[in-house]
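This note's numbering applies: residue 7 is where the sequence shown begins, and numbers increase by one. Presented below is the structure to which this report refers.
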Amino acid sequence: MTGLQESPLQRANRLSTEPWQQAGGRSSGVTGTIASVREIWEQRRLLRLLTGRELKSRYKDSAGGFLWSLAKPLTQLFIYYLVIGQFLGAARGIENFAIYIFAGLTIYTLFSEIVGAGTGSIIANAGLVKKVYLPREIFPLAAVGSALFNFAVQFVILIIASIVVGTLSFGPQLLFGLGALVLILIWGTAVGVLLAALNVYLRDIQYLVEVVLLLLMWASPILYSWQQAAAILPQWLLEIYVNSPITLAVLGFQEAFWSEASNGVPLPHLAIRMLIAGVVGLLALFAAQRVFSRLQGDFAQEL
7 MTGLQESPLQ RANRLSTEPW QQAGGRSSGV TGTIASVREI WEQRRLLRLL
57 TGRELKSRYK DSAGGFLWSL AKPLTQLFIY YLVIGQFLGA ARGIENFAIY
107 IFAGLTIYTL FSEIVGAGTG SIIANAGLVK KVYLPREIFP LAAVGSALFN
157 FAVQFVILII ASIVVGTLSF GPQLLFGLGA LVLILIWGTA VGVLLAALNV
207 YLRDIQYLVE VVLLLLMWAS PILYSWQQAA AILPQWLLEI YVNSPITLAV
257 LGFQEAFWSE ASNGVPLPHL AIRMLIAGVV GLLALFAAQR VFSRLQGDFA
307 QEL
């Protein structure tokens, strides 16, 4: 008997005898995370489409298109180089100051865009969340993809500028750049996924994030050297500062594209510090996904 031939009572009786199937795994621990990763992989085409939609909507009807992704970082570079570097004299203590700033801004902007866009991603896609089931982690992950595209554009400019100025040399120090990128992707995704879920229940978070991201930029060695911070911070606070994943990522990018030709003083044990931060970041990403999984059941009702 087909569904069209069934009476409502027969259909109800039949469905009552069938096993329950969970829409969106509720498993806990590692098993739940693996199930979520499997779901996301199965929906990878949708993830690509959402990432493309995010990029198209951001620059829709603009003549400059994706080139606008360079407007903010280049403007920041010009202002910081002129005001901080020249007017306040920071450039006199840091060789190739423009490359130093741009290397830090490039990697930090990636983190900022992942967290900023990820935080509002569930609310921005409220229509889809309320109408169809799909792994909700896809939305903050689409923000990661969009941020990576903008990062790629800025990264190309950084490479060209480093070649022109003469700070780029091919050697093992470039691995620090790769490590910095991985570190930012891990921590940015962890923070973005967690805040995306919390923002559904407490909308003030998205405004708080803007303030915190601004503070984190100034708390990173982008406009000054880590030695300048070491000279004024107490030892316990200095350890927190230099082991921050954002600080390590900024230093890693500067080590790759600036330090070799600019007499930069590397942070001791930078590679080991980055490795430890990456491992801790993976644990943080796992914890963020588990919190997201627990909270996502009521997303539709809250939106």
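Positions of the beta carbon are idealized from the N, C-alpha and C atoms, including for glycine. None of these values were measured; they are calculated from a predicted model.
Subject >> Minimum C-alpha distance to V199 - residue among K136, A236, T253 and L288 >> reply: Your numbering for residue 199 matches position 193 in the sequence shown. Nearest C-alpha to V199: L288.
Subject >> Status (buried if at least 16 other CB within 10 Å, exposed otherwise) for T37 >> reply: Start at 1 with the first residue of the sequence shown, and residue 37 comes out as number 31. So T37 ends up on the exposed side.
Original post:
Using the beta-carbon count (16 or more within 10 Å), is Q302 buried or exposed?
Top reply: Within the sequence shown, numbered from 1, the residue matching residue 302 stands at position 296. With 16 or more other Cβ atoms within 10 Å, it is buried.
**OP:** Note down, in chain order, each residue of its chain lying with its Cβ closer than 8 Å to the Cβ of I46, except the 5 sequence neighbours on either side.
**Re:** The residue you call residue 46 lines up with position 40 of the sequence shown. For I46, where only same-chain residues beyond five positions count, the Cβ hits under 8 Å are L53, P141, E143, I144 and L147.
**OP:** With Q212 as the anchor, note down where its alpha helix (DSSP H) starts and where it stops.
**Re:** Residue 212 sits at position 206 when you count from the first residue of the sequence shown. From DSSP, the alpha helix (DSSP H) with Q212 extends over I211 to W224.
Original post:
Which first and last residues belong to the alpha helix (DSSP H) in which T112 is found?
Top reply: As a first step, residue 112 is located in the sequence shown; it is residue number 106 there, counting from the start. Taken as a continuous stretch (DSSP letters only), the alpha helix (DSSP H) holding T112 covers F103 to T125.
Original post:
Comparing alpha-carbon positions, which option in V206, F117, N249 and V159 lies nearest V218?
Top reply: In the sequence shown, counting from the first residue as 1, residue 218 sits at position 212. Of V206, F117, N249 and V159, the residue nearest in Cα terms is F117.
**OP:** Express the C-alpha separation of S168 and N102 in angstroms, rounding to a whole number.
**Re:** In the sequence shown, counting from the first residue as 1, residue 102 sits at position 96. In the sequence shown, counting from the first residue as 1, residue 168 sits at position 162. Going from the Cα of N102 to the Cα of S168 covers about 10 Å.
Original post:
L229 to L88, Cα distance in whole Å?
Top reply: Start at 1 with the first residue of the sequence shown, and residue 229 comes out as number 223. Start at 1 with the first residue of the sequence shown, and residue 88 comes out as number 82. Distance between the alpha carbons of L229 and L88 is about 11 Å.
**OP:** Could you check the C-alpha separation between A306 and F292 for me, to the nearest Å?
**Re:** Here residue 306 is taken as the residue at index 300 of the sequence shown, counted from 1. Here residue 292 is taken as the residue at index 286 of the sequence shown, counted from 1. Going by the C-alpha atoms only, they are around 23 Å apart.
Subject >> Cβ pair F161, T112 closer than 8 Å >> reply: On the sequence shown, position 155 is the one that residue 161 refers to. On the sequence shown, position 106 is the one that residue 112 refers to. Going by C-beta atoms, F161 is nearer than 8 Å to T112.
Subject >> CB-CB length for W264 against A109, believed under 8 Å >> reply: Mapped onto the sequence shown, residue 264 falls at position 258. Mapped onto the sequence shown, residue 109 falls at position 103. Going by Cβ atoms, the distance from W264 to A109 rounds to 5 Å, so yes, they are a contact pair.
Original post:
Do L254 and A283 come within 8 Å of each other at the CB atom, strictly closer than that value?
Top reply: The sequence position of residue 283 within the sequence shown is 277, counting from 1. The sequence position of residue 254 within the sequence shown is 248, counting from 1. It is a contact, given that the beta carbons lie within the stated cut-off.
Original post:
To which residues of the same chain is F155 closer than 7 Å at the C-beta, ignoring the five residues directly before and after it?
Top reply: By one-based count along the sequence shown, residue 155 stands at place 149. Within the same chain, F155 has close Cβ partners L61.
Original post:
With a CB to CB cut of under 8 Å and the five nearest residues on each side skipped, what residues in its chain are close to S127?
Top reply: Here the question's residue 127 lines up with position 121 in the sequence shown. Here the set comprises F145, P146, A148, A149, G198 and A202.
Subject >> When I252, L243 and V206 are compared against L220, the one with the closest alpha-carbon >> reply: Taking the sequence shown and counting its residues from 1, one reaches residue 220 at position 214. Of the candidates I252, L243 and V206, the one whose C-alpha sits nearest the C-alpha of L220 is I252.
Original post:
F145 lies in the alpha helix (DSSP H); which residues open and close that run?
Top reply: To locate residue 145, count along the sequence shown from 1; it is residue 139. First-last of the alpha helix (DSSP H) with F145: I144 to V171.
Subject >> Beta-carbon proximity list for T8, same chain, < 7 Å, skipping 5 on both sides >> reply: Your numbering for residue 8 matches position 2 in the sequence shown. Residue confidence for T8 is low, a pLDDT of 46 falling below 50, so the modelled location carries little weight; the figure read from the coordinates is stated next. Result list for T8: empty, nothing under 7 Å.
**OP:** Pull up the distance between the alpha-carbon of G31 and that of W193, whole angstroms please.
**Re:** Here residue 31 corresponds to residue number 25 of the sequence shown, with the count starting at 1. Here residue 193 corresponds to residue number 187 of the sequence shown, with the count starting at 1. Unreliable positioning characterises G31 in this predicted model, as indicated by a pLDDT of 45, which lies under 50. The coordinate reading is nonetheless provided below. About 24 Å.
**OP:** Report the option in R98, I100, G99 and I107 whose CA atom is closest to the CA atom of I85.
**Re:** Here residue 85 refers to the residue found at position 79 when the sequence shown is read from its first residue. When each option's Cα is compared against that of I85, the closest is I107.
**OP:** Could you check how far apart the C-beta atoms of L83 and A104 are, in whole angstroms? I think they sit under 8 Å.
**Re:** Within the sequence shown, numbered from 1, the residue matching residue 83 stands at position 77. Within the sequence shown, numbered from 1, the residue matching residue 104 stands at position 98. Contact holds; Cβ gap of about 7 Å.
Subject >> Classification of L55 by the beta-carbon crowding that lies within 10 angstroms, buried from 16 upward >> reply: Within the sequence shown, numbered from 1, the residue matching residue 55 stands at position 49. Exposed, because fewer than 16 other Cβ atoms sit within 10 Å of the Cβ of L55.
Original post:
Apart from the five residues on each side of it in sequence, which residues of its chain come closer than 7 Å, Cβ to Cβ, to V171?
Top reply: The sequence position of residue 171 within the sequence shown is 165, counting from 1. For V171, where only same-chain residues beyond five positions count, the Cβ hits under 7 Å are N102 and I105.
Original post:
Apart from the five residues just before and just after G124, which ones in its own chain have a Cβ nearer than 6 Å to its Cβ?
Top reply: Against the sequence shown, residue 124 aligns to sequence position 118. Result list for G124: P146, A149, G198 and A202, in chain order.
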